[in-house]
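Numbering (full-length UniProt numbering), first residue to last: 1 to 180.
The structure under discussion appears below in the form of structure tokens.
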Amino acid sequence: MGKFQYFTAVSLDGFIATETDSLDWLLNAEETGTEGRIEEFYAGVGCLVMGGTTYQWILDHFEGEWPYSGTPVWVFTHHEMPVYPGGDVTLIRGDVEEFVPDFLRDAGDKDVWVMGGGELAAQFAAAGHLDELILTVMPVILGSGKRILPLAGGPRQLELRESAAVGNVLELRYVLKPSS
């Protein structure tokens with residue numbers, strides 16, 4: 001059975017986007033040395049799950065072919081949204097827990113990529129369905145913005161499984177320990 005993995009880029013001070021959901025700080029970053037790493041990760045992904053803000057960002061910034069062709073994508077949203085042409089996209093409302101069997105079915109023997117944002121990843125963690133955090137720490141300080149994992153209910157312990165300096169960034173892989 002696959003794992004639930006939250007794979008994201010993060011600023012050194014723990015933000016994944018600005019207050020206005022801008023990713024310009026990431027998209028305009030100098031070459032980092034991580035080119036090809038996302039493709040390597042994506043090869044192990046059988047299903048994507050994202051929030052409505054992340055999906056809207058994709059709708060606003062991508063043109064042409066759906067970037068996740070061949071992979072089922074589930075979008076948690078409270079709003080009516082269009083389905084990207086050619087995308088296997090399912091718009092859903094509700095609690096993370098009720099859809100876990102669907103995500104695992106779609107992933108098959110691969111992993112589920114909890115793409116973001118941080119609030120959705122925190123819901124997976126709170127429900128006990130977030131196995132790994134895979135972070136690409138970018139050499140930038142935003143000062144404020146959307147937190148990487150705005151967890152409620154107190155601290156969560158992590159276990160570092162891998163770390164690597166790759167070019168100008170730091171890649172970290174953590175396993176979430178069970179809440180006590």
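Here a beta-carbon is modelled for each residue, glycine too, at the ideal position from N, C-alpha and C.
So for Arg147, helix, strand or coil by DSSP? Three-state DSSP puts Arg147 in a strand.
Can you give me the Cβ contacts of Leu170 inside the same chain, cut-off strictly under 6 Å, excluding the 5 residues immediately before and after it? Val137
Around the Cβ of Ile38, are there at least 16 other Cβ atoms within 10 angstroms (buried) or fewer (exposed)? exposed
Quick one: measure Cβ to Cβ for Val75 and Val89, integer angstroms, because I've assumed they're closer than 8 Å. 6 Å
For Thr71 and Val45, which I take to be in contact (beta-carbon distance under 8 Å), what is that distance rounded to the nearest angstrom? The Cβ separation is near 6 Å, so the contact holds.
Straight-line Cα distance separating Ile58 from Val140: 22 Å
Given this structure, state the Cα-to-Cα distance separating Gln123 from Gly167, to the nearest angstrom. 32 Å
Should Lys146 go down as buried or exposed, given a rule of 16 or more other Cβ atoms within 10 Å for buried? buried
For the candidate residues Thr8, Val112, Gly116, Val73, whose alpha-carbon lies nearest to that of Met1? Val112
Rounded to whole angstroms, what's the CA-CA distance from Leu23 to Val114? Just pull it up for me. 18 Å
Ignoring anything shorter than 4 residues, give me the alpha helix (DSSP H) runs that lie fully in the stretch 18-74, in order along the chain. Runs found: 24-27, 37-42, 52-61.
Tell me, please, which residues DSSP counts as bridged to Arg173. BP columns for Arg173 point to Ile134, Glu162.
Here's the rule: buried if 16 or more other CB atoms are within 10 angstroms of the residue's CB, otherwise exposed. What is Thr8? Flag for Thr8 reads buried.
For Asp111, three-class secondary structure by DSSP: The answer is strand: DSSP assigns Asp111 an E or B state.
Along the alpha helix (DSSP H) that carries Ala121, what are the first and last residues, could you check? 118-126
Measuring only the C-alpha atoms, how far is Gly117 from Ala165? 24 Å
Determine which residues share a DSSP beta bridge with Ile92 and list them. The partner list for Ile92 (beta bridge, DSSP) reads Phe76.
Locate the beta strand (DSSP E) running through Tyr6, then write down its first and last residues. 4-11
Check whether the stretch 79-86 touches the stretch 97-107, taking contact to mean three or more Cβ pairs, one atom from each stretch, closer than 8 Å. no
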